[in-house]
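**Student:** If you're matching them up, the sequences are chains S and H in order.
With this note's numbering applied, the first sequence closes on residue 416, and no number is skipped along the way.
With this note's numbering applied, the second sequence closes on residue 1416, and no number is skipped along the way.
By construction, the Cβ of each residue, glycine as well, lies at the ideal position given by its N, Cα and C atoms.
2 protein chains.
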Amino acid sequence: MTIELINTGTELLLGDTVNTNAAWLGQQLAAHGIEVSRQTIVPDGPAIRDAIAEAVTRADVLILTGGLGPTNDDLTRECASEVLGLQLDVDPAALATLEAYFAHRGKVMSPVNRKQAMVPPGGEVLTNPHGTAPGLYLPAALGRSKGLACAMFLTPGPPREFKPMIENHVIPKLVGLYPEYAGRTVSYLKITGLGESEIVDRVERDLEAVPGLTLGYCLGRGDVDVRLSGEPSAVEQGRGIVMSKLSSYVVSEDRRILEQVVVDRLRELGRKVAVAESCTGGTIASRITDISGASEIFGYGFVTYANDAKCKELGVEPQWIQSDGAVSHRVAQAMAEGCLNVSGADYALAVTGIAGPNGGTPEKPVGTVFAALADRSQPTQVRKLFFPGGRDRFKLLTSQSALEMLRRRLFGLEIP
Amino acid sequence: MTIELINTGTELLLGDTVNTNAAWLGQQLAAHGIEVSRQTIVPDGPAIRDAIAEAVTRADVLILTGGLGPTNDDLTRECASEVLGLQLDVDPAALATLEAYFAHRGKVMSPVNRKQAMVPPGGEVLTNPHGTAPGLYLPAALGRSKGLACAMFLTPGPPREFKPMIENHVIPKLVGLYPEYAGRTVSYLKITGLGESEIVDRVERDLEAVPGLTLGYCLGRGDVDVRLSGEPSAVEQGRGIVMSKLSSYVVSEDRRILEQVVVDRLRELGRKVAVAESCTGGTIASRITDISGASEIFGYGFVTYANDAKCKELGVEPQWIQSDGAVSHRVAQAMAEGCLNVSGADYALAVTGIAGPNGGTPEKPVGTVFAALADRSQPTQVRKLFFPGGRDRFKLLTSQSALEMLRRRLFGLEIP
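#1: Under 8 Å between the Cβ atoms of residue 1135 of chain H and residue 1126 of chain H?
#2: State whether the segment 1266-1282 of chain H contacts the segment 1224-1244 of chain H, with contact taken as three or more CB pairs (one from each stretch) at a distance under 8 Å.
#3: What residues match up with residue 1040 of chain H in a beta bridge as DSSP calls it?
#4: Measure from the C-beta of residue 19 of chain S to each C-beta in chain H and report whether the shortest distance is under 8 Å.
#5: Identify, in the order they occur along the chain, each residue of the same chain with its Cβ nearer than 8 Å to the Cβ of residue 1202 of chain H, setting aside the five sequence neighbours on each side.
#6: Grab the span of the beta strand (DSSP E) containing residue 135 of chain S for me, first residue to last.
#7: For the segment 1182-1199 of chain H and the segment 1211-1220 of chain H, state whether three or more C-beta atom pairs, one from each stretch, are separated by less than 8 Å.
#8: Cβ atoms of residue 1267 of chain H and residue 1288 of chain H: under 8 Å apart, would you say?
#9: At 4 residues or longer, and completely inside the segment 208-283 of chain S: list those alpha helix (DSSP H) runs for me, N to C.
#10: Name, please, each residue of chain S whose Cβ falls closer than 9 Å to the Cβ of residue 1199 of chain H.
#11: Counting pairs of Cβ atoms below 8 Å between the segment 162-172 of chain S and the segment 12-32 of chain S, do you hit three or more?
#12: Going by other Cβ atoms of all chains shown within 10 Å of its Cβ, with 16 needed for buried, is residue 11 of chain S buried or exposed?
#13: Per the contact definition of three or more C-beta pairs closer than 8 Å, is the segment 248-265 of chain S in contact with the segment 1258-1266 of chain H?
#14: Is there a Cβ of chain S sitting closer than 8 Å to that of residue 1288 of chain H, yes or no?
#15: For residue 216 of chain S, go through chain H and note every residue whose CB falls closer than 8 Å to its CB, in chain order.
#16: What did DSSP end up calling residue 1301 of chain H once you bin it into helix, strand or coil?
#17: Could you tell me whether the segment 351-364 of chain S touches the segment 407-414 of chain S, using the rule of 3 or more Cβ pairs below 8 Å?
#18: In three-state terms, what does DSSP make of residue 189 of chain S?
#19: Keeping to the same chain, check which residues put their C-beta closer than 8 Å to that of residue 1113 of chain H; ignore five residues upstream and five downstream.
#20: Taking C-beta pairs closer than 9 Å, name the residues in chain S that residue 1387 of chain H reaches, listed in chain order.
#21: Between the Cα of residue 301 of chain S and those of S:332, S:317, S:328 and S:343, spot the shortest distance and give me the residue it belongs to.
#22: By Cβ distance below 7 Å, which residues in the same chain neighbour residue 154 of chain S in space, the five residues on each side in sequence not counted?
#23: Count the other CB atoms, across all protein chains shown, that sit within 10 Å of the CB of residue 1243 of chain H; report buried if there are 16 or more and exposed otherwise.
#24: With a threshold of 8 Å between beta-carbons, can residue 298 of chain S be considered close to chain H, or not?
#25: Comparing alpha-carbon positions, which option in S:315, S:396, S:90 and S:150 lies nearest residue 111 of chain S?
#26: Which class does residue 1001 of chain H belong to by DSSP, given the choice of helix, strand or coil?
#27: Establish whether the CB of residue 1204 of chain H and some CB of chain S are separated by less than 8 Å.
#28: Using only the alpha-carbon positions, how far apart do residue 1393 of chain H and residue 1280 of chain H sit?
#29: Expressed to the nearest angstrom, what Euclidean distance is found between the alpha-carbon atoms of residue 326 of chain S and residue 277 of chain S?
#30: Would you call the segment 373-390 of chain S in contact with the segment 344-352 of chain S, where contact means no fewer than 3 C-beta pairs closer than 8 Å?
#31: Indicate whether at least one CB of chain S lies closer than 8 Å to the CB of residue 1022 of chain H.
#32: What does residue 302 of chain S touch in chain H if you count any residue whose Cβ is under 9 Å from its own?
#33: Looking at the structure shown, is residue 1124 of chain H part of a helix, part of a strand, or coil, going by DSSP?
#34: Assuming residue 1162 of chain H contacts residue 1021 of chain H (C-beta within less than 8 Å), just tell me the rounded distance between them.
#35: Quick check on this structure: which residue in S:9, S:7 and S:36 has the alpha carbon closest to the alpha carbon of residue 1016 of chain H?
#36: Mind reading off the beta-carbon distance from residue 951 of chain H to residue 1230 of chain H? Whole number of angstroms is fine, and I expect it under 8 Å.
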């Protein structure tokens, strides 16, 4: 099957919107073993007709996004029908759904919205519960009179409308049309604490030897998803390889991110964590509180950016800062232990380091950081880490490492 | 001038990489009044030849990204030359630069890299100080024997190599080729506190009446950039309109984000801020400390997620939480004033609210938040705000509103 994607939208070409739909769709299709062979982006308006006319001569399936709105510039429906030589007509059911959408919101539908209910004969409306623009499926047979045999899916541009339509309508239909893509499964193993090249070195050769297994890597923020797709037996074999080679580095098998795994585990155990942050300046607390339900396991965070804040809030002895420096094993440990005492939590994470670009010394260059984990039932553990390469990256990787220390503790895994 | 963009890279179609280069380039070109008429993404390999052959029949200028590496799949150079009917040959200067690049890093160049120094006759090498892949400029005249008249720019895919090449080579050459785009200027006015539609309502009609002014909106995280481009006099006129209609909502005219503006202003004034966060869970502190030099103006942050943390750390009276609720005017005010006292800072921001999805009540639904600004020289000010629509958005818009209260105070502007 050859599949192409056409995105319409002047805002995409002007760069005012980043085309995240395309990347997301690429991942969804790749998970089913389907690779997009070309993606074309054209402005709103009639340019879409040329792009469709070209694509239908090359592709078996064409997915279009955008241009289904009510304005004069929204021409995807019209252009697709024109290429196939079909007339549009108002579909009573689609019109009723549209009117109900407005009525439900206490509004009267404007006459301009009527065109959103236009459907060519043989076309199938794809419902859109999240917006006014219904999608359309135009089976390949509709182009027969023009000598064409390309199935088309017309989908809305806004991601919150686009994504459910792809998941609920487009992919099930595709798999129905091309049963060879049915029965495939996909598994994501989220890895943290190893770089992409380290992951490749440890597993790629073995994974590539599994017949029928498709392998991909999605780089996340501080983690990497290893994507395995294919027949269930091949994916299961691949999963076994990743688990045996990377075992403790596997954070989740269901795409949950590190902070979600940590929060879930703390809730499960009925334990609490507190954090004391210098160089990350609130990032660890912010990541924990990104997770719904965090209040059950997190009550206290301290952003002790200044030295006197470390002493006053966490009980760090000023002479330790004097002797060892604020960025030191001893201060990190004292911050974590002070945080544990003040908060009454079961675990406390603390980090102190040099985010840069200024403040580095030859002994402690920019990027140096100490991360400590205090625990009521075990001695405090401190790791010295080094993340040069920019302030954003530093904060991300430092918070990731601290949360990963906690994850390992919560699952009884060794902390490197 | 008709300009098209071709991105090569299987990773773009698989969705493993989001095409941020395309959005960035769109913005750079739009700033010069140039709109990309089509963007095509093809996988690595020979598919690029077809895409080039089609584009050169439509466009005056074609910018290509990616496929300039040393592997067998990197075929952009070869395909472009083939379409133009040109032979590639090693360029001694490009080869020397490439060898020097490796030597500087203490490495010996592999023979596979030689192909990166191949140039067709009449092609011009565009230097790439950030990677091994030199760019290429193929003037429109090179296609004359094939009846073509499309100038091509071949650029590397990695953003840190791509962006400088666009800025330093491609745009200057484009403006040289098409002098009507020279002498244009661009201005960005960053607005916060108003939604895109409110901005449109207030300025669009007047801005569209300015002859030769091109208008765009770039939605940021909690702010909107109004982009004005055109002749300097038109841009200046447009700028005047935005300043007069939106005045105090204009955060910066140099693309500095809100937290940067706030940190810069605090440094200028020699003042400090502290923060006490409940529902934002460290996001305000994290945004402040994203800015290099934040340690001069920020020493203390409190993430008082639990009620007892608000009392213990900030001196909030437990009976106020009892009587008014943790999400209340009185508790927000007490948090800010307590934070001011404990930290010794000049200003303190505090927020308390219901991020959701749980915890809402009929009187205080999910999204309700109180933000307070305490100031040693003025009475504490408290705003009640409402940001339903998801936890991420809630944290973003709440932190944005709190920082905006401080910005207004620091610049002597009224807080709404």
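**Tutor:** Looking at the atomic coordinates:
#1: Contact annotation: residue 1135 of chain H and residue 1126 of chain H have beta-carbon atoms nearer than 8 Å.
#2: no
#3: Here residue 1040 of chain H is bridged, per DSSP, to S:40 and H:1006.
#4: yes
#5: 1194, 1245 and 1246
#6: 135-138
#7: yes
#8: no
#9: 232-246 and 258-269
#10: In chain order: nothing, as chain S lies at least about 13 Å away.
#11: yes
#12: When all chains shown are included, residue 11 of chain S counts as buried.
#13: With the cut-off at 8 Å, the segment 1258-1266 of chain H and the segment 248-265 of chain S do not touch.
#14: yes
#15: 1014 and 1016
#16: strand
#17: no
#18: Looking at residue 189 of chain S - three-state DSSP - the assignment turns out to be strand.
#19: 1070, 1098, 1102 and 1132
#20: By Cβ distance, chain S contributes nothing, its closest Cβ being about 15 Å from residue 1387 of chain H, past 9 Å.
#21: For the residues S:332, S:317, S:328 and S:343, the minimum Cα distance to residue 301 of chain S belongs to S:343.
#22: Cβ within range, chain order: 64, 68, 76, 77, 80, 135 and 136.
#23: exposed
#24: It does: the Cβ of residue 298 of chain S has a partner Cβ on chain H nearer than 8 Å.
#25: S:90
#26: Note: residue 1001 of chain H maps to coil in three-state DSSP.
#27: no
#28: 10 Å
#29: Within the model, the alpha-carbon separation for residue 326 of chain S versus residue 277 of chain S is close to 12 Å.
#30: Yes, since at least three Cβ pairs between the segment 373-390 of chain S and the segment 344-352 of chain S fall closer than 8 Å, the two stretches touch.
#31: yes
#32: 1300, 1301, 1302, 1303 and 1313
#33: strand
#34: 5 Å
#35: Residue 1016 of chain H has its Cα closest to that of S:36, out of S:9, S:7 and S:36.
#36: Any property of residue 951 of chain H remains undetermined from this structure, which presents chain H solely from 1001 to 1416.
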